[in-house]
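*Asks:* The sequence shown maps to residues 61 to 414 in this note's numbering. Note that the Cβ used here is the ideal one computed from N, Cα and C, for glycine as well.
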Amino acid sequence: MKPVNDCFLRALKRKPTEFTPVWLMRQAGRYLPEYCETRSRAGSFMGLAQNPDYATEVTLQPIDRYGLDAAILFSDILTVPDAMGLGLSFVQGEGPVFAKPVQTEEAVNALYVPDPNVELGYVMDAVKSIRRALGNRVPLIGFSGSPFTLACYMIEGRGSRDFRTVKTMMYRRPDLLERVLDVNAEAVAAYLNAQIAAGAQAVQIFDTWGGMLADGDFQRFSLAYTMKVLAKLEKVSDGEPVPSIVFTKGGGEWLSAIANSGCDAVGLDWSVNIARARRETADRVALQGNLDPYVLFGTEETIRREVRRVLDGFGPVKDGGHVFNLGHGINQFTPVESVQILVDEVHEYSRRYH
Ligand code: CP3
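Structure follows, in structure tokens:
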């Protein structure tokens, strides 16, 4: 069934809307006091993500507070390698850590595609529970990491500034990296299709680390595998199209290639000029983005001005499609009232362009 507010889904399909829809990457997170409250009851991040009732509660928090135009499943991209048996934990002050990083040929050969309805059944339960709780108010976005971004954490075993272990494998044993990427592409496609079957109405692939690759390597090790995923995705569910968004942080150099990957929308980080992005992709896809998340630390006047700058940059929507978002996840120290200013300014000011 169509959501009452389906502005987000229409924008992704480049159909007319009355205003520009807005949601924010990491909209449910530590900047919200109600999130911190639920998280302390859950005990840990994984305790939160693995409990469908808690996951539902925090998914709806930013929707209830701000009137955003889409909800995003509360989970994490690293649940997939965790389901492959790599042993994910979040260490205070250090971020995600895997107990069994994939650094040898034996470890690569031992990788398998988890059954999304078994090992990741808790995510599908969360999707169903969130859909019930949303009661069709706004659409629900499902998501996954890209095969390459997941490989970065799996091989490195944790976050990194330079992902040296990954790049070492890439330049010494590209065959091993490609085996990891093949398993990941299968796993991500199955995982996203299970989310769609459970009720996700759009999906986003986060390629957070694709942008650190050299030209040529990006196409070979990141985009090619994102394309394998896109080719396998269910395009229709319940009689409604299920649009896909590819967000590559640092992907500004390859917008045209990403727009040709088979996705419906391309996510932009804040380094990209959105008018140029629109020219380069020639309205073949919708665009999502791309306010610098740190604008939210500015004054009310600055936030309104910078929001208008992005909307003016995209310009009259006509045959295009624009979903307003930040250029990356919201920072945990963001003042809560800044987000309301952003949402209201997008909704009001964008009407002139529709
Ligand atoms: O957008 C949403 O509100 C949905 C939830 C969501 C989370 N992570 C929850 C989360 C989404 C879409 C993600 C994606 C994610 N996770 C990415 C891709 C997007 C991006 O930010 O580039 C990546 C790279 C991860 C991996 C990850 N998860 C890291 C590096 C960390 C620790 C960093 C940190 O901010 O502490 C996480 C933990 C995490 N995932 C938190 C949240 C709200 C914070 C942890 C907490 O509450 O303790």
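#1: Using 8 Å as the cut-off, can you tell me whether the segment 354-373 makes contact with the segment 381-396, which would need three or more C-beta pairs spanning the two stretches below that distance?
#2: Could you check how far apart the C-beta atoms of W314 and F278 are, in whole angstroms? I think they sit under 8 Å.
#3: Checking 9 Å against the spacing of the C-beta atoms, do V377 and H407 come in under that value?
#4: Around the C-beta of M272, are 16 or more other C-beta atoms found within 10 angstroms, so that it is buried, or is it exposed?
#5: Counting only the same chain and skipping the five closest in sequence on each side, list residues whose C-beta sits under 7 Å from that of D379.
#6: Could you give the uninterrupted runs of the alpha helix (DSSP H) lying entirely in the segment 72-150, keeping only those of 4 residues or more?
#7: Which partner residues of F384 appear in the DSSP bridge assignment?
#8: Give every residue of the same chain whose Cβ lies closer than 6 Å to the Cβ of A130, excluding the five residues on either side of it in the sequence, and list them in chain order.
#9: When the distance is taken between beta carbons, is V64 closer than 9 Å to N196?
#10: Closest to N320 by C-alpha separation, out of Q348, T286, G217, T362, would be which residue?
#11: Measuring straight from C-alpha to C-alpha, what distance separates G217 and V226?
#12: Ignoring anything shorter than 3 residues or poking outside the segment 235-285, list the beta strand (DSSP E) runs there in chain order.
#13: For the segment 151-159 against the segment 114-134, do three or more pairs of beta-carbon atoms, one drawn from each stretch, fall closer than 8 Å, so that the two count as touching?
#14: Determine the burial state of M61: buried for a count of at least 16 other Cβ atoms within 10 Å of its Cβ, exposed for fewer.
#15: Considering Cα atoms alone, identify which of R336, M230, L290 is closest to F281.
#16: Report all residues from its chain with a CB closer than 7 Å to the CB of R338; omit the five preceding and five following residues, and keep chain order.
#17: What does DSSP give as the partner residues of L200 in its beta bridges?
#18: What did DSSP end up calling P207 once you bin it into helix, strand or coil?
#19: Helix, strand or coil: which one does DSSP assign to A186?
#20: Please classify F12: does DSSP put it in a helix, a strand, or coil?
*Replies:* Taking the definition as stated:
#1: Touching, yes, given that three or more Cβ pairs across the two stretches are closer than 8 Å.
#2: Under the criterion of beta carbons closer than 8 Å, W314 and F278 qualify as touching, at roughly 6 Å.
#3: With a cutoff of 9 Å on beta-carbon distance, V377 and H407 are scored as not near each other.
#4: Buried, because 16 or more other Cβ atoms sit within 10 Å of the Cβ of M272.
#5: Result list for D379: R74, D343, in chain order.
#6: The DSSP assignment places complete alpha helix (DSSP H) segments of no fewer than 4 residues inside the segment 72-150 at 93-102, 105-109, 112-126, in order along the chain.
#7: Beta-bridge annotation (DSSP): F384 is paired with V82, G349.
#8: Residues of the same chain with a CB within less than 6 Å of the CB of A130, apart from the 5 flanking positions on each side, are F68, W83, V198, P199, I201 in chain order.
#9: Their beta carbons are under 9 Å apart, which means N196 touches V64 by this criterion.
#10: Of the candidates Q348, T286, G217, T362, the one whose C-alpha sits nearest the C-alpha of N320 is T286.
#11: If you take the alpha carbons of G217 and V226, they lie about 10 Å apart.
#12: Qualifying beta strand (DSSP E) stretches, in chain order: 262-267.
#13: Counting Cβ pairs under 8 Å, fewer than three are found: no touch.
#14: That one is exposed.
#15: Of the candidates R336, M230, L290, M230 places its Cα closest to the Cα of F281.
#16: Contacts found: L347, F374, G380.
#17: Partner(s): A131.
#18: When DSSP states are grouped into helix, strand and coil, P207 belongs to the helix group.
#19: Three-state result, A186: helix.
#20: The structure shown does not extend to residue 12, since the chain spans only 61 to 414, so no value can be given for it.
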